[in-house]
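Okay, so here's the structure we're looking at.
Number of protein chains: 4
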Amino acid sequence: MGIEASRAYSDAIGMLDTESERGDRAEVVAIMTPNDSHHRYAVAALDRGFDVICDKPMTNTLDEALEIVRKVDSTGLVFCLTHVYTGYPMVRQARALVEDGQVGEIRLVQVEYVQGNKADESDPDPAGGLPWRYHPVRGGPSLVMGDIGTHAHNLVRFVSRLEVTEVAAEIGHVIPARPVDDYGAAMLRFDNGARGTFWVTQTAAGVENDLRIRVSGTKGSLEWHQERPTRLTFKPLDGPLRVYTPNGPGTLPASARACRIVAGHPEGFHEAFANIYSDAAEAIAARRSGREPDPLALQFPNERDGAVGVKFVEAAVASSDANGIWTDARLSLEEKS
Amino acid sequence: MGIEASRAYSDAIGMLDTESERGDRAEVVAIMTPNDSHHRYAVAALDRGFDVICDKPMTNTLDEALEIVRKVDSTGLVFCLTHVYTGYPMVRQARALVEDGQVGEIRLVQVEYVQGNKADESDPDPAGGLPWRYHPVRGGPSLVMGDIGTHAHNLVRFVSRLEVTEVAAEIGHVIPARPVDDYGAAMLRFDNGARGTFWVTQTAAGVENDLRIRVSGTKGSLEWHQERPTRLTFKPLDGPLRVYTPNGPGTLPASARACRIVAGHPEGFHEAFANIYSDAAEAIAARRSGREPDPLALQFPNERDGAVGVKFVEAAVASSDANGIWTDARLSLEEKS
Amino acid sequence: MGIEASRAYSDAIGMLDTESERGDRAEVVAIMTPNDSHHRYAVAALDRGFDVICDKPMTNTLDEALEIVRKVDSTGLVFCLTHVYTGYPMVRQARALVEDGQVGEIRLVQVEYVQGNKADESDPDPAGGLPWRYHPVRGGPSLVMGDIGTHAHNLVRFVSRLEVTEVAAEIGHVIPARPVDDYGAAMLRFDNGARGTFWVTQTAAGVENDLRIRVSGTKGSLEWHQERPTRLTFKPLDGPLRVYTPNGPGTLPASARACRIVAGHPEGFHEAFANIYSDAAEAIAARRSGREPDPLALQFPNERDGAVGVKFVEAAVASSDANGIWTDARLSLEEKS
Amino acid sequence: MGIEASRAYSDAIGMLDTESERGDRAEVVAIMTPNDSHHRYAVAALDRGFDVICDKPMTNTLDEALEIVRKVDSTGLVFCLTHVYTGYPMVRQARALVEDGQVGEIRLVQVEYVQGNKADESDPDPAGGLPWRYHPVRGGPSLVMGDIGTHAHNLVRFVSRLEVTEVAAEIGHVIPARPVDDYGAAMLRFDNGARGTFWVTQTAAGVENDLRIRVSGTKGSLEWHQERPTRLTFKPLDGPLRVYTPNGPGTLPASARACRIVAGHPEGFHEAFANIYSDAAEAIAARRSGREPDPLALQFPNERDGAVGVKFVEAAVASSDANGIWTDARLSLEEKS
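Line by line, the protein sequences are chains A, B, C and D. Per our numbering, the first sequence runs over residues 824 to 1160. Per our numbering, the second sequence runs over residues 824 to 1160. Per our numbering, the third sequence runs over residues 824 to 1160. Per our numbering, the fourth sequence runs over residues 824 to 1160.
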């Protein structure tokens, strides 16, 4: 992979130790390991002065999440959580339209993330040993909620700019022999009184990666569908529906930052990921040089978003365990100064 | 309207009385009056020997619904409930694929019915007097659930052939001054262990008539969207997705009965309604002549479906009133002999 | 079919003779017979004072077409040609947007009408005898051009309000043993200098009824697709694309007249046909009562449109026979007074 | 850009000279300069032993194109022409289905490439000086044909595996003051007797990058649309339509090679370009090591495809200049040994 032998490490903590003492030390640490190790590696990296880019879910427990938040606060380092869908230009356009007031006061939110990759009843293959995702400690409290539920929850917050205050959930598995959750249904209450629904599963046979969101406000409804990511539909209260496209007419600056190419040429998953990395790079470069970062770069999810997501999973699982009672999902975190 | 003066009545019961004594009496009574009058007119019609075609929701209370069921049983007359979406060819194709086993054992069901026709905060116009739908007695226990929730619930049962056993719901209104419900969210448990979500609202600004259903079984997922009713998508567990069209290749007999025209020419709402009327007409004609009806005609919703729908609304409202606890939604009705 | 025995005729001309002498004579004559008989029946009906609703193509020859035009002019009767696609609300919306100047000066037109109903190489079944459509005299000079080419040509004129001045065409059959045309390609020049392409075939295996049109002007492009008839896309030069829907926001009066139902409920082929009949009925009723018809009803294609269509087919066939030379397609007809 | 100062050149030929004498000489030369310079740089690079990756159109004249072909033949070097759409997985799937016989004998081909980027009548801005694309020598014989017509033509050949034998064309500009072509219409005849239509323009206001192809054979029709590149529709003669997706069920090896990611995550323009570069890299690596390249890598367009494209443009322009007469478009080139 083009890494010189002296810098290829067999052990993550060892890598952090060694790199932190080099003059040409790594500029950033990206964590793409099993969920239960995120906390340990993130804290170790932050302790050694590394900015961190980390896979979701940020951690498997809230205590771990809060420790990362405190560590980021005390070190002043950058922490970026790669909720990839926030990197799509049309998701950023949706958020920008909300922030611009074009959707009005938001009243209803619908999100669903439906996959079929665990639809096969023979998954996981018993002969193959259990993958870490299926392990109750390594994979976290709820496979489906950690894997895709956190994406759905974060997308709702990212676009609507609302916080979930309470959740009533039903989480479980429809494939009988499966040891982990493969679906999660929930009803949501938001801090402004809006209401919402939430549906995630990995067991819908034949479905690929059907993430959808609809956000309805007093002035209109926004709809985005990941399988056709280059279209953002806006249905105004009083006018024909409009479709925004990357770099097309009406693209707002927060979205334009995420567009690489002339309108009409599709971009996708890799570019969305790259947008998040670019934004993190801008934040890191600004921190290092002591300048203010481009405010449009600060759209990437951070440690606070991660902690709110972990809290949501905990609240949803607790609700489901208590047969669906409405459960507090709020997490109070000071705004980052 | 071409009705002769002697048969134009100012009063419904009076009409039933007079018509029932004519030699050329009306062949069937169709009820399209405010919800709270369905029961009275239906019972009166059945008592006088008329077959009945009735708008949904069948009644506003379960007691009324059960009385209609008993009355239909004791008279042997035909009762047809016009859940119009069951008349669309591709909805019937979906059900036929389920019945044919092509979808496998059903594990997940998603239904949403989203409209924007009550998104305007000034609806209803206070100067105009309250329409009957907004009246708590005339309109029924829940405006949104009666108006479109019963459609969504019936569509789920029609396609999946499953019954909802329990529901946990949140029903209310997001427009502050509104005296009636304008959204309903629910989680569903089915009699075979499947799980589902349910979302209806009339307050999504700019949305027209977005009724969608997805039914996932062990062999694949079916998806239908009312705004493009001529496509039924089937995503098999192991194969490229397929799209069925009215009278297109693979049309099953239960669907073909509902297609009037060569493949590629769209049909819509009027034809779906006509299909239900045609089926009811076949059932009525068969009853009168003492012959067996075409079994494919018996797809139309009947008084039992109506009662199950009323029970579902009651259960969902009760769940929501009790802050979302899981509530029994089952209604035991003998199969019609 | 509910026709009384004394008015069920075995012979068309006999029917016209007998009906024309009854006091309760038929109000209109609708001609849905093989193409080569349209002229004879239309002239006979007009001669006996009947208004006429006639299938397309109006005639198989231009001489016949011109005779009908003269006959309509001399009798003052109504002649309606059922190009069904002009009855779709979104086609009328497209035309209304053009007439309203919202598309600007039109520069480019694209039309295609692609079907697969003659894709099977064994069609027509040699054992079954040749259907009349395949007969060179009865079916007309070019099967595909008469069947669907006239629809495509008329749709272009209806929406763009332009006339084709010249055509260069290639018409033939790709199924070797077939005795008639099954595809027609053409390039078009319009009276305002616009350019266009034209493509029709009935031999595209698996395609159902894929009629599409795109009209581009200096201010934007309109796109309509028959297989999803309830959407009209308008892509403005400087703004996000908009989608119009029947009775949705922005519906213009000429389109609203063709909408029967609240936005979001699909209508299709039958209603499009009915719109044309309704318009013809309005024109006939106005003629009889000596009043002016609703101007919005006069959108239905008439004998002049039919003659222009027959001329276009003749010009295209002549071009193709001359190996594609540009051929005059203009037909000068006085505007109807 | 990370290029060391000693290797940043101010002159292309100088760069080739210098690099060709370095021990660590550049591995490949990529040409992305104005059209009229492709030939000169390509020949110079080949003469100095460099493999070449070149933008389309390959050259502005056929003589130049043929010289490149001869040069590639005599040097044995790799020449890759970046027709980017051939790098999309679903375009490769389409070709693979054709090669596998699933589409049957091809009878009809439709291609259109419609953009709106030159729809503004004030383009090019007269104050800005004429861009090279608008210069008759630098831009080539026909702006629209070189820019996007060659893409459309190459896509047809790539998917159908047929050659255009004759073309009848109408090429010109609809914006009056424009000095170059902005639309091109054509009818096509293929070497197996199939027929086709061709339509390209950059003047359709509001359209982004609407490249579409439909290929119909005796067994079914393939449809691909660049604006939604992750779907390939196959409409079989006798069965419901199927949709293929990148890495989805039914992906053939020639397509799988171009897929980077699990099904359901969109890829787009950048990845398509990268696929062509990867394939060229494989061909170059194989040449250098004297081994056979992966045959699936040899899908990238080469100098022969480029010459056939230049010939097509010449033939189309000649046809249009001769008022649309059918013109021979064949170019005989020995298959590459």
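Even for Gly, the Cβ is constructed at its ideal location relative to N, Cα and C. Just so we're clear, the structure is a prediction, and the values are computed from it rather than from any experiment.
Distance between residue 985 of chain B and residue 872 of chain B (C-alpha atoms, nearest Å)
Taking the second sequence and counting its residues from 1, one reaches residue 872 of chain B at position 49. Taking the second sequence and counting its residues from 1, one reaches residue 985 of chain B at position 162. Between residue 872 of chain B and residue 985 of chain B, the C-alpha separation is close to 32 angstroms.
Helix, strand or coil at residue 1014 of chain A [DSSP, three-state]:
Working through the first sequence from its first residue, we reach residue 1014 of chain A at position 191. The answer is coil: DSSP assigns residue 1014 of chain A none of H, G, I, E or B.
Can you tell me whether DSSP reads residue 965 of chain C as helix, strand or coil?
Within the third sequence, residue 965 of chain C is the residue found at index 142, counting from 1. Here residue 965 of chain C sits in coil by DSSP.
Would you grab the beta carbon distance between residue 1066 of chain C and residue 1055 of chain C for me? Rounded to a whole angstrom, and I think it's under 8 angstroms.
Within the third sequence, numbered from 1, the residue matching residue 1066 of chain C stands at position 243. Within the third sequence, numbered from 1, the residue matching residue 1055 of chain C stands at position 232. 7 angstroms between Cβ atoms; contact.
Can you list the residues of chain A that residue 911 of chain C reaches, using a CB-CB cut of under 7 angstroms?
The residue you call residue 911 of chain C lines up with position 88 of the third sequence. Those do not exist, as residue 911 of chain C stays about 17 angstroms from chain A at its closest Cβ, beyond 7 angstroms.
Taking Cβ to Cβ, would you say residue 1032 of chain D is nearer than 7 angstroms to residue 1087 of chain A?
Counted from its first residue, the fourth sequence places residue 1032 of chain D at position 209. Counted from its first residue, the first sequence places residue 1087 of chain A at position 264. Yes, the pair counts as a contact, with Cβ atoms nearer than the cut-off.
Check the Cβ of residue 1050 of chain C against every Cβ in chain B and list those closer than 8 angstroms, keeping chain order.
Position 227 of the third sequence, counted from the start, is the residue given in the question as residue 1050 of chain C. 1053, 1087, 1089, listed in chain order.
Give the secondary structure of residue 836 of chain C by DSSP, where H, G and I count as helix, E and B as strand, and everything else as coil.
Within the third sequence, numbered from 1, the residue matching residue 836 of chain C stands at position 13. Residue state, collapsed to three classes: helix.
Tell me the DSSP secondary structure of residue 845 of chain C in three-state form.
Residue numbering aside, residue 845 of chain C sits at position 22 when the third sequence is read from its first letter. Correct three-state label for residue 845 of chain C: coil.
Which residues in chain C have a C-beta closer than 8 angstroms to the C-beta of residue 1201 of chain D? List them in chain order.
Lying before the first or after the last residue shown, residue 1201 of chain D is absent from chain D, which here runs from 824 to 1160.
Looking only at DSSP bridge pairs, what is residue 1022 of chain C linked to?
Locating residue 1022 of chain C in the third sequence gives position 199, where the first residue counts as 1. Paired residues: C:935, C:1008.
Every unbroken beta strand (DSSP E) inside the segment 857-916 of chain B [3 residues or more]
874-877, 902-904
Under a three-way DSSP split, which group does residue 986 of chain A fall into?
By one-based count along the first sequence, residue 986 of chain A stands at place 163. Of the three classes helix, strand and coil, the one that applies to residue 986 of chain A here is coil, per DSSP.
Contacting residues, own chain, Cβ-Cβ under 7 angstroms from residue 961 of chain D (five flanking each side not counted)
The residue given as residue 961 of chain D occupies position 138 in the fourth sequence. Counting only Cβ-Cβ distances below 7 angstroms, and skipping sequence neighbours, we find 857, 858, 859, 955.
Can you tell me whether residue 836 of chain B is buried or exposed, with buried defined as 16 or more other CB within 10 angstroms of its CB?
The count along the second sequence starts at 1 and reaches residue 836 of chain B at position 13. That one is exposed.
Are the Cβ atoms of residue 876 of chain B and residue 914 of chain B separated by less than 7 angstroms?
Translated into the one-based positions of the second sequence, residue 876 of chain B becomes position 53. Translated into the one-based positions of the second sequence, residue 914 of chain B becomes position 91. Contact: no.
Could you give the DSSP three-state label for residue 920 of chain A: helix, strand or coil?
Looking up residue 920 of chain A in the first sequence gives position 97. The answer is helix: DSSP assigns residue 920 of chain A an H, G or I state.
Boundaries of the beta strand (DSSP E) in which residue 1057 of chain A is found, first to last residue
Looking up residue 1057 of chain A in the first sequence gives position 234. Taken as a continuous stretch (DSSP letters only), the beta strand (DSSP E) holding residue 1057 of chain A covers 1055-1059.
Please confirm whether residue 1135 of chain C has its beta-carbon closer than 7 angstroms to some beta-carbon of chain B.
Locating residue 1135 of chain C in the third sequence gives position 312, where the first residue counts as 1. No, residue 1135 of chain C does not count as interfacial toward chain B.
Roughly how many whole angstroms lie between the Cα atoms of residue 1155 of chain B and residue 1122 of chain B?
Position 332 of the second sequence, counted from the start, is the residue given in the question as residue 1155 of chain B. Position 299 of the second sequence, counted from the start, is the residue given in the question as residue 1122 of chain B. So the alpha carbons of these two residues sit roughly 20 angstroms apart.
Name the DSSP bridge partner or partners of residue 1045 of chain D?
Within the fourth sequence, residue 1045 of chain D is the residue found at index 222, counting from 1. BP columns for residue 1045 of chain D point to D:1038, D:1057.
Assuming residue 997 of chain B is part of the beta strand (DSSP E), what are its boundary residues?
The sequence position of residue 997 of chain B within the second sequence is 174, counting from 1. No beta strand (DSSP E) holds residue 997 of chain B; DSSP gives it neither H nor E.
Residue 1084 of chain B touches chain C at which residues, Cβ-Cβ below 8 angstroms?
One-based indexing of the second sequence puts residue 1084 of chain B at position 261. Near residue 1084 of chain B (Cβ distances below 8 angstroms), the residues of chain C are 1092, 1093.
Assign residue 994 of chain A to buried or exposed, taking buried as 16 or more other Cβ atoms, counted over all protein chains shown, within 10 Å of its Cβ.
The count along the first sequence starts at 1 and reaches residue 994 of chain A at position 171. So residue 994 of chain A counts as buried.
In chain C, which residues lie with their C-beta within 8 angstroms of the C-beta of residue 1073 of chain A?
Looking up residue 1073 of chain A in the first sequence gives position 250. Near residue 1073 of chain A (Cβ distances below 8 angstroms), the residues of chain C are 1062, 1063.
Would you grab the beta carbon distance between residue 901 of chain C and residue 1110 of chain C for me? Rounded to a whole angstrom, and I think it's under 8 angstroms.
As a first step, residue 901 of chain C must be located in the third sequence, where it is residue number 78. As a first step, residue 1110 of chain C must be located in the third sequence, where it is residue number 287. Sure, about 6 angstroms apart at Cβ, within 8 angstroms.
Answer yes or no: the CB of residue 840 of chain D versus the heavy atoms of the ligand ATP, is any distance below 6 angstroms?
Of the ligands one can find in the structure shown there are none, so the ligand ATP has no counterpart to examine.
Are three or more beta carbon pairs between the segment 876-887 of chain D and the segment 932-949 of chain D nearer than 8 angstroms?
no
Partner residues on chain A for residue 884 of chain B, Cβ-Cβ distance less than 7 angstroms:
As a position in the second sequence, residue 884 of chain B is number 61, starting the count at 1. The contacting residues do not exist; residue 884 of chain B stays about 26 angstroms from chain A at best.
Interface partners of residue 824 of chain A on chain B, CB under 8 angstroms:
In the first sequence, counting from the first residue as 1, residue 824 of chain A sits at position 1. Near residue 824 of chain A there are no residues of chain B at all, since even the closest Cβ is about 34 angstroms away, more than 8 angstroms.
How would you label residue 1002 of chain C, buried or exposed, when you count the other beta carbons within 10 angstroms and need 16 or more for buried?
As a working mapping, residue 1002 of chain C is identified with position 179 in the third sequence. Exposed, because fewer than 16 other Cβ atoms sit within 10 Å of the Cβ of residue 1002 of chain C.
Just to check my reading of the structure: residue 1080 of chain D and residue 1119 of chain D have Cβ atoms closer than 8 angstroms, yes? What is that Cβ distance to the nearest angstrom?
Along the fourth sequence, one-based indexing puts residue 1080 of chain D at 257. Along the fourth sequence, one-based indexing puts residue 1119 of chain D at 296. The Cβ separation is near 5 angstroms, so the contact holds.
Taking 7 angstroms as the CB-CB limit, is residue 1010 of chain C close to chain D?
The residue you call residue 1010 of chain C lines up with position 187 of the third sequence. Judged by the 7 angstroms Cβ criterion, residue 1010 of chain C is in contact with chain D.
Give me the DSSP bridge partner(s) of residue 1067 of chain C.
Taking the first residue of the third sequence as 1, we reach residue 1067 of chain C at position 244. DSSP, once it has assigned bridges, lists C:1055 as partnering residue 1067 of chain C.
Residues that DSSP places opposite residue 1151 of chain D in a beta bridge
What you label residue 1151 of chain D is simply residue 328 of the fourth sequence in a count that begins at 1. Note: residue 1151 of chain D sits in a beta bridge opposite D:989.
Can you list, in chain order, the residues of its chain whose CB lies under 8 angstroms from that of residue 1049 of chain D, leaving out five sequence neighbours each side?
Numbered from 1 along the fourth sequence, position 226 holds the residue referred to as residue 1049 of chain D. So the qualifying residues of the chain are 908, 911, 1032, 1033, 1034, 1035.
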